[in-house]
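K.L.:
Each number in my numbering corresponds to the 1-based position in the sequence shown with 126 added.
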Amino acid sequence: MEVYRKLVYWELELQDTGGAMDEVLKMQKEEADVAFAKFVRKNYMSWMGNPDRRPMMSNDLFRKRVFPLLDKGEKVFMIVFDNLRYDQWRMLYREIAGIFSSDEELYFSILPTATQYARNAIFAGLMPLQIEEIFPGLWVDESENEGKNLKENELIATQLARFRRKNSFSYSKVNDSQAADRLLAQFSQLERNDLNVLVVNFIDILSHARTETDIIRELTEDEASFRSLTRSWFEHSDLFTLLRLLSKRGHTVIITSDHGTIRVDNPIRVTGDRETSPNLRYKTGRNLSYNPREVYEITRPEDIQLPRINLSSSYIFAYNTDFLVYNNDANRFIRYYKNTFQ
């Protein structure tokens with residue numbers, strides 16, 4: 127975590143300088159990525175069996191950080207930015223630092239680091255396999271067509287109930303400026319609650335638009351421009367207006383992310399059937415064919431507390447800046463997805 131903080135610090139310090147130092151930093155980041163991937167592969171499975179002897183993870187956030195604040199009688203607004211990277215956060219922090227005093231720490235997303243798994247784990251306070259077993263009506267399998275994050279309000283309610291908490295709470299999702307306007311209009315009502323949870327989707331929408339829209343791709347050609355666009359949006363957003371209002375009213379705010387993105391450039395070929403999940407950074411399904419030296423493979427999903435689609439399902443995860451493409455029509459996928467944020 128400390129190495130990553132330092133790398134991001136220097137990335138921001140050097141982003142406008144160019145030249146040889148950029149190349150040195152890029153090489154250091156690549157080396158750190160390789161070492162981190164080995165570290166996760168070595169330790170992740172043991173973390174699942176030793177929750178008290180691991181880094182803080184997605185399913186720990188409410189228990190370890192939200193509930194203690196509520197126990198002190200504080201009014202808490204929890205804002206979850208879908209797909210916010212740490213370097214983007216540091217850009218937003220430059221705006222926020224003037225209106226809040228703050229403490230900052232890092233936590234580890236569970237695997238897969240995708241919204242369906244990571245954010246559901248945050249709100250339920252459980253690993254995905256536990257959600258499926260305890261609340262089958264609140265978990266949607268990869269193979270099903272319905273939305274995978276439509277039960278977040280219910281998941282929060284189950285976590286509060288499981289810990290026998292009587293806190294009043296609200297849940298809101300902001301996908302556009304109209305939703306933000308409605309949120310501001312309801313502020314006097316929201317601040318009566320002990321806890322208000324807000325999911326902000328703008329950055330996730332932006333990263334998808336970068337893949338699909340040429341003009342957005344040109345505006346965010348690299349990490350620095352992606353950060354700049356994120357900061358520009360934030361400065362002029364209703365969300366910043368909300369934060370200024372929360373500061374004036376003396377509320378406690380928790381800002382976090384469910385997972386981040388990485389700019390991918392190295393395709394890894396895999397083969398699977400029609401039910402194999404489409405995500406480019408992990409795959410789950412049966413009859414997956416791949417080179418096991420190129421991925422982190424989990425042949426028994428229950429070992430890392432993940433559900434199976436069927437009895438022979440396994441999971442594979444991409445390393446570093448790799449992305450997973452099917453052998454069928456691989457060249458077209460590589461052209462389309464190379465240098466996108468996944």
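The beta-carbon is built from N, C-alpha and C at its ideal position, and this holds for glycine as well.
If distances are taken between C-alpha atoms only, which option among V134, S269, A444 comes closest to N436?
P.N.:
Position 310 of the sequence shown, counted from the first residue, corresponds to residue 436. Taking only the C-alpha atoms, the option nearest N436 is S269.
K.L.:
Please list, in chain order, all residues of the same chain as L368 whose beta carbon is under 7 Å from its beta carbon, the five residues on each side excluded.
P.N.:
Start at 1 with the first residue of the sequence shown, and residue 368 comes out as number 242. Same-chain partners within the cutoff: L309, L310.
K.L.:
Can you tell me which of the three DSSP states D197 falls into?
P.N.:
Here residue 197 is taken as the residue at index 71 of the sequence shown, counted from 1. Here D197 sits in helix by DSSP.
K.L.:
Under three-state DSSP, which class holds Y462?
P.N.:
Position 336 of the sequence shown holds residue 462. Residue state, collapsed to three classes: helix.
K.L.:
Could you tell me whether the region 341 to 350 touches the region 184 to 201, using the rule of 3 or more Cβ pairs below 8 Å?
P.N.:
No: the two stretches stay apart, fewer than three of their Cβ pairs being nearer than 8 Å.
K.L.:
Can you name the residues that DSSP bridges to V67?
P.N.:
Given a span of 127 to 468 for the chain in the structure shown, any question on residue 67 remains unanswerable.
K.L.:
Between S363 and A306, which are expected to be in contact by the criterion C-beta below 8 Å, what is the C-beta distance as a whole number of angstroms?
P.N.:
As a working note, residue 363 is residue 237 in the sequence shown. As a working note, residue 306 is residue 180 in the sequence shown. Confirmed, about 7 Å.
K.L.:
Could you tell me whether the Cβ of T143 comes closer than 8 Å to any Cβ of chain D?
P.N.:
In the displayed structure, chain D is absent; only one protein chain is listed.
K.L.:
If you run the structure through DSSP and keep just helix, strand and coil, what is E270?
P.N.:
For the purposes of this step, residue 270 is taken as the residue at position 144 of the sequence shown. E270 falls in the coil class under three-state DSSP.
K.L.:
Three or more C-beta pairs under 8 Å: does that hold for the region 282 to 302 against the region 223 to 232?
P.N.:
no
K.L.:
Return helix, strand or coil for N185, following the three-state DSSP convention.
P.N.:
Walking along the sequence shown from the start, residue 185 turns up at place 59. Three-state DSSP puts N185 in a helix.
K.L.:
Label K164 either buried or exposed according to how many other C-beta atoms from any shown protein chain fall within 10 Å of its C-beta, with 16 as the threshold for buried.
P.N.:
Taking the first residue of the sequence shown as position 1, residue 164 is located at position 38. The residue is exposed, with fewer than 16 neighbouring Cβ atoms inside 10 Å.
K.L.:
Using C-beta distances below 8 Å, list every residue in its chain close to D148, excluding the 5 sequence neighbours before and after it, in chain order.
P.N.:
The residue you call residue 148 lines up with position 22 of the sequence shown. Cβ neighbours of D148 beyond the five flanking positions: L140.
K.L.:
Of all the options E278, S298, T447, Q312, which has the alpha carbon lying nearest to the alpha carbon of E106?
P.N.:
An answer regarding residue 106 cannot be provided, because it is not within the stretch 127 to 468 covered by the chain.
K.L.:
Which of the three DSSP states, helix, strand or coil, is assigned to V451?
P.N.:
Walking along the sequence shown from the start, residue 451 turns up at place 325. Reduced to three states, the DSSP call for V451 is strand.
K.L.:
How close, in whole Å, do the beta carbons of N185 and A247 come, if the pair is a contact with beta carbons under 8 Å?
P.N.:
The residue given as residue 185 occupies position 59 in the sequence shown. The residue given as residue 247 occupies position 121 in the sequence shown. 4 Å between Cβ atoms; contact.
K.L.:
Taking the straight line between their C-alpha atoms, what separation do you get for R458 and I430?
P.N.:
Counting from 1 along the sequence shown, the entry for residue 458 is found at position 332. Counting from 1 along the sequence shown, the entry for residue 430 is found at position 304. Cα to Cα, the separation comes out at about 33 Å.
K.L.:
Roughly how many angstroms separate the alpha carbons of V206 and L324, rounded to a whole number?
P.N.:
Position 80 of the sequence shown holds residue 206. Position 198 of the sequence shown holds residue 324. Computed Cα separation, rounded: 6 Å.
K.L.:
Does DSSP put A444 in a helix, a strand or coil?
P.N.:
Looking up residue 444 in the sequence shown gives position 318. In this structure, A444 counts as strand in the three-state DSSP scheme.
K.L.:
Report the option in A240, F261, W136 whose CA atom is closest to the CA atom of E280.
P.N.:
In the sequence shown, residue 280 corresponds to position 154, counting from 1. It is F261.
K.L.:
Can you list, in chain order, the residues of its chain whose CB lies under 7 Å from that of Q468, leaving out five sequence neighbours each side?
P.N.:
Residue numbering aside, residue 468 sits at position 342 when the sequence shown is read from its first letter. Cβ within range, chain order: T387, I388, V390, L406, R407, F449.
K.L.:
DSSP puts V323 in a beta bridge; with which residues?
P.N.:
Stepping through the sequence shown from its first residue, residue 323 is reached at position 197. According to DSSP, which records beta bridges pairwise, V323 is partnered with M204, Y297.
K.L.:
Under DSSP, the beta strand (DSSP E) around L410 begins and ends at which residues?
P.N.:
Within the sequence shown, residue 410 is the residue found at index 284, counting from 1. The sequence as given places Thr at residue 410; Leu does not occur at that position. First-last of the beta strand (DSSP E) with T410: 408 to 411.
K.L.:
Starting from the C-beta of N322, find all residues in its chain whose C-beta is less than 6 Å away, skip the five residues before and the five after it, and write them out in chain order.
P.N.:
Taking the sequence shown and counting its residues from 1, the one referred to as residue 322 is at position 196. Around N322: F203, S296, L316.
K.L.:
Rounded to the nearest angstrom, what separates T241 and G376 at their Cα positions?
P.N.:
As a position in the sequence shown, residue 241 is number 115, starting the count at 1. As a position in the sequence shown, residue 376 is number 250, starting the count at 1. The straight-line gap from Cα to Cα measures roughly 31 Å.
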